[in-house]
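For reference, the structure is listed below as structure tokens.
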């Protein structure tokens, strides 16, 4: 059912045009945070108002929309945003990554490689990667302008000194096109390498902070690290229990009180595609009696 | 000006506006500082010492006169010419401030990053300059902590857990790690107890000698000037009333204010 009381995609045309102009600037200066006039949306802040405004500004009648929350298409945030756009635009929606032309995401990049015909829109809670280190906005703007990013390495140094390794598992800072430091939004660091040289256009919107930024297709994206502590992504000693995939990002679900844990793909579409293709996992939960010992075993693998 | 100066102030002045009228915090101050030389600026509270220091370190912009610095730019042939701080870009000044210069604040908390460990504080400038090897950052941090006589066991502790004297040492280590040629110090020993002051002064004297540092030290403590400085400026009401070799000024003060200053030092 399409709502007829609202303009196409909820926002009025002038607002959408202004956001598109800001997006052009963001694409022209990869990784640079462009301020924009963020509007009140019929969502609470933290539910993807930035991403929704970008999607609303660029969606066309022929687009096919997919919405992901934590990798899945059937979680609250994803269902609501998908229904919002179905009602206000009437465009087709899908759960299949390869059928979508426009994908709005929270916390994940699909496992299936994206193509040049697709646009990925991220919902960003905190666009400024330096905010925890340098609370003065004026100073952090200056640091971006002069490309002074030593401070971010101070944070990584501190992680290694205190914890033995760079402990940041999500929102892991990256440098875009060897120029701007950028927060990749709270995706797991597992997904960071997928941003590098991706054929799809990647757009980022932060509604509360009123800023958006972009990674154009085929742009270099490098995760920060030290020469002797290189960037590494997570690996699991298990494969997905449902589809047997050993190369995907796994969710851990506790299934009983005896320490039984089920590891399954976080990307629900990827898992389903594999199962349809005939791949089968063990279908069994793993029993981990000692979580710390299991982690040690995982590190060694 | 003789050739070879590192820093040169010419008729430097700064006015702050109060009640609509400019009030000069310091005015018409000229001197040259040579490599390896330590200059003390003494005077009573409110005499414009700190304002002068901030003008020299480009933290404030001169309203009158100019400050020249013998900057070495990568890719440029070395020359004796001084560059006016006012014509340098902000990027160049920030680069100078974290490589060629150091600034030791009166309160160590202002100069330190209190939410990261001592080791990270020492390494910050190196990381800003592009050092990306954790092991080397670590060994530099340990090396510098040992050089300023800090317990290397405390390298991973937050500066907030250090004593005041230790924080001041850490601040010094953090500034010296890039081997600056010029260090600005604003009352570096004020607020520390006497025995800690003595050890810190001893350390500073040794480091200045070892690294051939030039330094401008603002202090109201004549003993600090006597111990550290080769030359001194005496300031009163924003003006320099007397300048010369430290021993000369302290042993044979010419200006009535300097005479008063020297005679008011308590000796136990």
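Chains as they are written, first to last, in the numbering used here: chain A, 15 to 315; chain B, 5 to 272. No residue lacks a Cβ here, since even glycine has one placed at the ideal position from N, Cα and C.
Beta-carbon neighbours of residue i, restricted to chain A and to distances below 7 Å
i, result
"residue 138 (chain B)", "171, 174, 240, 242, 243"
"residue 120 (chain B)", "168, 172"
"residue 115 (chain B)", "Result: empty, since nearest Cβ-Cβ is about 15 Å, beyond 7 Å."
"residue 132 (chain B)", "162, 164"
"residue 109 (chain B)", "Going along chain A, no residue has its Cβ under 7 Å from residue 109 (chain B), so there is no contact; the nearest lies around 17 Å."
Within 7 Å, strictly: CB atoms of residue i and residue j
i, j, result
"residue 55 (chain B)", "residue 30 (chain B)", "yes"
"residue 318 (chain A)", "residue 228 (chain A)", "The structure shown does not extend to residue 318 (chain A), since chain A spans only 15 to 315, so no value can be given for it."
"residue 129 (chain A)", "residue 191 (chain A)", "no"
"residue 10 (chain B)", "residue 39 (chain B)", "yes"
"residue 116 (chain B)", "residue 163 (chain B)", "yes"
"residue 275 (chain A)", "residue 294 (chain A)", "no"
"residue 263 (chain A)", "residue 207 (chain A)", "no"
"residue 245 (chain B)", "residue 261 (chain B)", "yes"
"residue 205 (chain A)", "residue 197 (chain A)", "no"
"residue 48 (chain B)", "residue 110 (chain B)", "no"
"residue 179 (chain B)", "residue 120 (chain B)", "no"
"residue 237 (chain B)", "residue 45 (chain B)", "yes"
"residue 148 (chain B)", "residue 181 (chain B)", "yes"
"residue 44 (chain A)", "residue 230 (chain A)", "yes"
"residue 122 (chain B)", "residue 174 (chain B)", "yes"
"residue 136 (chain B)", "residue 241 (chain A)", "yes"
"residue 195 (chain A)", "residue 143 (chain A)", "yes"
"residue 33 (chain A)", "residue 71 (chain A)", "yes"
"residue 169 (chain B)", "residue 198 (chain B)", "no"
"residue 68 (chain A)", "residue 23 (chain A)", "no"
"residue 138 (chain B)", "residue 243 (chain A)", "yes"
"residue 154 (chain A)", "residue 162 (chain A)", "no"
"residue 235 (chain A)", "residue 209 (chain A)", "yes"
"residue 62 (chain B)", "residue 97 (chain B)", "yes"
Distance between beta carbons of residue j and residue i, contact taken as under 8 Å
i, j, result
"residue 118 (chain A)", "residue 65 (chain A)", "5 Å"
"residue 193 (chain B)", "residue 207 (chain B)", "Their Cβ separation, rounded to whole angstroms, is 11 Å, which puts residue 193 (chain B) and residue 207 (chain B) out of contact at 8 Å."
"residue 223 (chain B)", "residue 235 (chain B)", "Contact doesn't hold; Cβ gap of about 13 Å is too wide."
"residue 175 (chain A)", "residue 124 (chain B)", "7 Å"
"residue 29 (chain A)", "residue 101 (chain A)", "Actually they are not in contact, since the Cβ atoms of residue 29 (chain A) and residue 101 (chain A) sit about 18 Å apart, beyond 8 Å."
"residue 217 (chain B)", "residue 185 (chain B)", "7 Å"
"residue 86 (chain B)", "residue 73 (chain B)", "6 Å"
"residue 51 (chain B)", "residue 241 (chain B)", "6 Å"
"residue 107 (chain A)", "residue 96 (chain A)", "5 Å"
"residue 220 (chain B)", "residue 57 (chain B)", "6 Å"
"residue 47 (chain A)", "residue 141 (chain A)", "5 Å"
"residue 247 (chain B)", "residue 35 (chain B)", "7 Å"
Chain-ordered chain B contacts of residue i [CB-CB under 8 Å]
i, result
"residue 160 (chain A)", "94, 95, 98"
8 Å Cβ cut-off: residues of chain A touching residue i
i, result
"residue 124 (chain B)", "168, 171, 172, 175"
Where residue i meets chain A, residues with beta-carbon distance less than 9 Å
i, result
"residue 128 (chain B)", "164, 165, 167, 168, 171"
Can we say the region 75-94 of chain A touches the region 31-41 of chain A, given the rule of at least three CB pairs closer than 8 Å?
-> no
Contacting positions in the region 142-165 of chain B - beta carbon closer than 8 Å to chain A = 142, 159, 160
The region 250-263 of chain A / the region 170-181 of chain A touching (three or more Cβ pairs under 8 Å) = no
Three-pair Cβ contact test at 8 Å for the region 101-121 of chain A versus the region 278-294 of chain A | yes
Okay, do the region 143-155 of chain B and the region 87-106 of chain B touch, 3+ Cβ pairs below 8 Å being the bar?
-> no
With a cut-off of 8 Å, do at least 3 Cβ pairs link the region 20-34 of chain B to the region 215-231 of chain B?
-> no
Is it true that the region 206-217 of chain A meets the region 125-139 of chain A, where meeting means three or more beta-carbon pairs spaced less than 8 Å apart?
-> yes
Inter-stretch contact (C-beta, 8 Å, three-pair minimum) for the region 136-150 of chain A and the region 56-75 of chain B | no
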